Every structure is written in structure tokens, then in C-alpha cells.
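Offset between the sequence shown (1-based) and my numbering: plus 467. Note that the Cβ used here is the ideal one computed from N, Cα and C, for glycine as well. Quantities reported herein were computed from a predicted structural model and do not represent experimental measurements.
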Amino acid sequence: MSKPSSLSKKTKPSLSTRTSPVVLDFLVETYLVSQEIGRVSLRAIADRLDVSAPAVSRMAQRLVRRAYVRREGACGLALTEAGEHLALKAIRKRRIFEVFLVKTMGYSWHEVYPMAAASSNHLDDDLIERMFEQLGHPDRCAHGDPIPSRDGKLETPAAKPPQRFARWHIGPSRSHRLARWRHVALSQLAEPQARRKDRVGCASTLFRPHPPARAKRQL
């Protein structure tokens, strides 16, 4: 009897293949809002992603069923333990990629946030960890934010002050960086709505480009 082919063995999927970038973006923004202002509302997530409130509500319902978020009150959200774990692992990828773009590719610190936000969730976990090794295990991103550990844990900023990238604290606020990301990420990831369907069913809504000449969509 011939031995079974090694190709038939199942391998554990990486974060990139297990969870769609749309879901990861939603979880990351939910985590960041919770850290910055405490309570997370559907309106706050809609503003961060520059999408409609109904689109955020539909995504939230799907993620509640997947046990990544839970409802708090009428319009509030909170990450579950599983959702926070995924968010921190995605943040790790984003921040390591920022350091790579600055130290290896020669980009300026103010250029890399939108690039990393738009691209990092599409990169393989092993590639990110290889970057981390080659970069000398950085503990901060290009903007001075702490890099979560590989197992999805984040040391509190007060426990370990910025070291290597302290000078990059001086610069635009997070809201300005998010504004740049919205323009770049949405234009790169958007596809014709009729041809785009996400695994959770609302990517075409979440990633519909916002026409620059029009006023912001009414919620």
C-alpha cells in the first residue's frame, strides 16, 4: 500500500486565511476606539471606517454570531476575548510592517501608516515573523506605539516607555493618520460592488469608495 501524499495533510491556516481582512479591520478599529475613548459605539466605528451605520450594524451582527464582539446596550460594542486576540495579532502585523517599510524600504514614518493598514492583513504570518526577526525584534512601531506579542498580548504603554522610535511620536494625530488610511485603503481594496462579496457578506458595502467630491454619506 502506498503511503499517503504529504499534500493531503492538513496544515493549520494562518491568520490571513482564517479571517478576512474586512473582519480584521473591523476588530482592529473596535479595539483602538475602546483604548482611546472607552465606550465603542456603532457610530464611532462607522466614522473610523468612513462607512454607513447600517453597514457597521450588519457586520456587528455577523461578528456577534461568530463570538468576536458582543453588544453593550442599544448601540454599543465590545470585543470578546477571541475578538481582542485577533485584533491584537492584526495590530502586531500592521506595526511590524510599518517598521519594515521605514527601516528596510526607506519610507518616511508619516507615509507608512496607510500603506500598512491597507496591506498588512493580506500578508502571510510567517513573512511578518521573518520581518520581525530581521528587524531585530522591535518593540515599537514607526509611530511609537507598542507592538503586541506573537500570542496576541499587549504590554501597557506605561510599563515600557518608547525607546528605538521615540522620535517618531512627533507628528500628525491618529485621526489624521486614519484619514489618510481611509483614502488609500478604500481606493486600493474597493472593487465593483456587483463582483465583490466578502465571506461575511458585506465587504462590498464596507469597502465602497467614498467619492471625494460628495459630502459624507448621511447615517
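Leaving out five residues on either side along the sequence, give the residues of the same chain with a beta carbon under 7 Å from the beta carbon of Glu622. Position 155 of the sequence shown, counting from 1, holds the residue named residue 622. Same-chain partners within the cutoff: Pro613.
Cα-Cα separation, Lys620 to Glu551: On the sequence shown, residue 620 is found 153 positions in, with the first residue counted as 1. On the sequence shown, residue 551 is found 84 positions in, with the first residue counted as 1. Going by the C-alpha atoms only, they are around 9 Å apart.
I'd like the list of long-range same chain contacts for Val500, defined as Cβ closer than 7 Å, with 5 residues on each side in sequence excluded. Within the sequence shown, the letter at position 33 stands for residue 500. Val507, Ala511, Ile512 and Arg515, listed in sequence order.
Boundaries of the alpha helix (DSSP H) in which Glu578 is found, first to last residue: What you label residue 578 is simply residue 111 of the sequence shown in a count that begins at 1. Trp576 to Ser586 is the extent of the alpha helix (DSSP H) around Glu578.
On the DSSP bridge list, what partners appear for Pro613? The residue labelled residue 613 in the question sits at position 146 within the sequence shown. Arg607, per the DSSP bridge assignment.
Length at least 4, wholly inside the region 511 to 552: the alpha helix (DSSP H) runs in chain order: Every alpha helix (DSSP H) of 4 residues or more that sits fully in the region 511 to 552 is shown, in chain order, as 520 to 532.
In terms of alpha-carbon separation, which member of Val536, Val579 and Gln528 lies closest to Leu553? Looking up residue 553 in the sequence shown gives position 86. The residue with the shortest Cα to Cα distance from Leu553 is Val536.
By the three-class DSSP mapping on this structure, what secondary structure does Ser508 have? As a first step, residue 508 is located in the sequence shown; it is residue number 41 there, counting from the start. Ser508 carries a strand assignment under DSSP once its states are collapsed to helix, strand and coil.
Exposed or buried, what is Glu548 when buried is set at 16 or more other beta-carbons lying within 10 Å of its beta-carbon? Position 81 of the sequence shown holds residue 548. When all chains shown are included, Glu548 counts as exposed.
When you compare the region 605 to 612 with the region 554 to 573, are there three or more beta-carbon pairs, one atom per stretch, that lie closer than 8 Å? The region 605 to 612 makes contact with the region 554 to 573; the number of CB pairs closer than 8 Å reaches 3 or more.
What residue from Glu600, Asp593, Arg597 and Lys560 has the CA that sits closest to Ile585's CA? Counted from its first residue, the sequence shown places residue 585 at position 118. According to the sequence provided, residue 585 is Ala. The question's Ile does not apply to it. With distances taken between Cα atoms, Ala585 lies closest to Lys560.
DSSP state of Ser487, grouped into three classes? Against the sequence shown, residue 487 aligns to sequence position 20. DSSP places Ser487 in coil when its eight states are reduced to three.
If the criterion is Cβ atoms closer than 7 Å, does the pair Pro488 and Leu555 meet it? Looking up residue 488 in the sequence shown gives position 21. Looking up residue 555 in the sequence shown gives position 88. No. Outside cutoff.
Note the first and the last residue of the continuous alpha helix (DSSP H) segment covering Glu443. As shown, the chain starts at 468 and ends at 686. That puts residue 443 outside it, with no answer to give.
Excluding the 5 residues preceding and the 5 following Val437 in the sequence, name in chain order all residues of the same chain whose CB lies nearer than 7 Å to its CB. Absent from the structure is residue 437, since the part of the chain shown begins at 468 and ends at 686.
Stretch pair the region 598 to 607 + the region 539 to 546: three plus CB contacts closer than 8 Å: Segments in contact, no.
Contact check, Leu494 vs Cys542, beta carbons under 7 Å: The residue labelled residue 494 in the question sits at position 27 within the sequence shown. The residue labelled residue 542 in the question sits at position 75 within the sequence shown. Their beta carbons are not under 7 Å apart, which means Leu494 does not touch Cys542 by this criterion.
Return helix, strand or coil for Leu494, following the three-state DSSP convention. Counting from 1 along the sequence shown, the entry for residue 494 is found at position 27. In the structure shown, Leu494 sits in a helix (DSSP, three-state: H, G or I).
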